[in-house]
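Single-structure report; data block below.
Right under this line is the structure:
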């Protein structure tokens with residue numbers, strides 16, 4: 033059910049949604065990364081809206097302007113929330129674009145709800161098929177890293193976000209020119225969210241096994257990943273994900289960090305437009 037700028041899910045959570053561009057345009061739906069909001073895609077949304085697309089972004093439950101429930105902060109609920117948004121807006125032939133955690137959300141959404149409303153998908157710096165080290169993913173990120181994220185967020189979330197953001201955008205690399213505005217935006221978006229949701233979401237984005245979901249993504253899927261991603265390693269995510277996708281294509285962006293939708297927005301925008309039109 034759509035009321036104003038919010039869609040109410042089956043379990044009563046209000047999900048904030050924003051839409052730009054002509055309502056008659058092909059829908060492009062964006063699922064954001066942790067701990068951000070739909071605003072993280074503003075560069076892509078403006079670009080595609082100006083090219084005639086109907087662009088839609090929502091804030092994940094517990095994040096941004098959506099309701100902050102004390103339950104459901106897992107990938108299945110995130111996927112079902114996305115399904116509620118697409119149903120409320122009656123989207124058809126949509127292109128789903130997910131960054132980082134949002135990539136996992138897109139994969140799980142298609143895995144659980146099929147492709148009847150979907151024409152294509154894009155996984156940008158996505159956590160698929162899994163991030164954490166497991167028996168079947170021995171080169172994954174050690175679980176202690178995610179324990180550290182939870183500890184940092186719990187101890188001083190505001191400062192932890194400030195310390196984390198430079199690596200997210202690659203500003204910690206020698207010679208990198210940092211944008212204080214971008215860093216401030218990351219912090220502001222992160223601080224809008226629920227501490228509980230962000231804490232619990234660490235488990236969702238790091239431990240969810242998305243191998244089966246990727247195999248069910250039978251629509252053309254672009255995997256877009258920077259080769260200098262310090263947050264979601266290309267070798268164990270993007271390169272593995274494309275091998276599981278029935279119709280996957282991998283595009284590696286040289287020198288791009290995790291937050292490439294901002295730092296390399298022109299490259300990402302053109303890649304999206306070419307893929308959507310192709």
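In the numbering used here, the protein residues as written are 33 to 310.
Note that beta-carbon positions come from the ideal geometry of N, C-alpha and C, so glycine has one too.
So which of the options has the shortest CA-CA distance to residue i?
i           : options               : result
residue 300 : 108, 51, 131 and 47   : 131
residue 56  : 229, 122, 164 and 296 : 122
residue 294 : 309, 153, 249 and 78  : 78
residue 183 : 231, 287 and 246      : 231
residue 157 : 310, 298 and 284      : 284
residue 46  : 173, 113 and 105      : 113
residue 180 : 67, 234, 201 and 124  : 234
residue 67  : 53, 229, 33 and 60    : 229
residue 134 : 61, 167, 199 and 118  : 61
residue 147 : 248, 260 and 289      : 248
residue 227 : 268, 99, 54 and 80    : 99
residue 119 : 71, 69, 177 and 59    : 59
residue 255 : 280, 33 and 94        : 280
Please report the residue range of the beta strand (DSSP E) in which residue i lies.
i           : result
residue 86  : 86-90
residue 143 : Element bounds for residue 143: not the beta strand (DSSP E) but the alpha helix (DSSP H), 133-145.
residue 155 : 150-156
residue 39  : 38-40
residue 50  : 46-52
Hey, could you find the ends of the alpha helix (DSSP H) residue i is sitting in?
i           : result
residue 274 : 270-276
residue 118 : 107-120
residue 76  : 74-81
residue 307 : 297-309
Measure the beta-carbon distance from residue i to residue j and round it to whole angstroms, keeping in mind my assumption that it falls under 8 Å.
i           : j           : result
residue 73  : residue 64  : 6 Å
residue 251 : residue 153 : 6 Å
residue 289 : residue 310 : About 26 Å separates the two Cβ atoms, so there is no contact after all.
residue 237 : residue 136 : 6 Å
residue 265 : residue 173 : 7 Å
Mind checking if residue i is an interface residue toward chain B, Cβ cutoff 9 Å exclusive?
i          : result
residue 94 : Among the chains in the structure shown there is no chain B, since it carries only a single protein chain.
Which runs of the alpha helix (DSSP H) fall wholly inside the stretch 184-244 and span at least 4 residues, in chain order?
-> For the alpha helix (DSSP H) assignment, the uninterrupted runs of no fewer than 4 residues enclosed by the stretch 184-244 are, from N- to C-terminal side, 212-224 and 227-239.
Decide yes or no for the touch test of the stretch 214-231 against the stretch 177-194: beta carbon pairs closer than 8 Å, at least 3 of them.
-> Yes, they touch.
Would you be able to state if there are at least three C-beta pairs under 8 Å between the stretch 140-151 and the stretch 100-113?
-> Yes, since at least three Cβ pairs between the stretch 100-113 and the stretch 140-151 fall closer than 8 Å, the two stretches touch.
How about the stretch 209-216 and the stretch 240-250: do they share at least three Cβ pairs that are nearer than 8 Å?
-> Touching, no, given that fewer than three Cβ pairs across the two stretches are closer than 8 Å.
Segment contact flag, the stretch 255-273 with the stretch 159-167, C-beta cutoff 8 Å, min 3 pairs = Yes, the stretch 255-273 touches the stretch 159-167.
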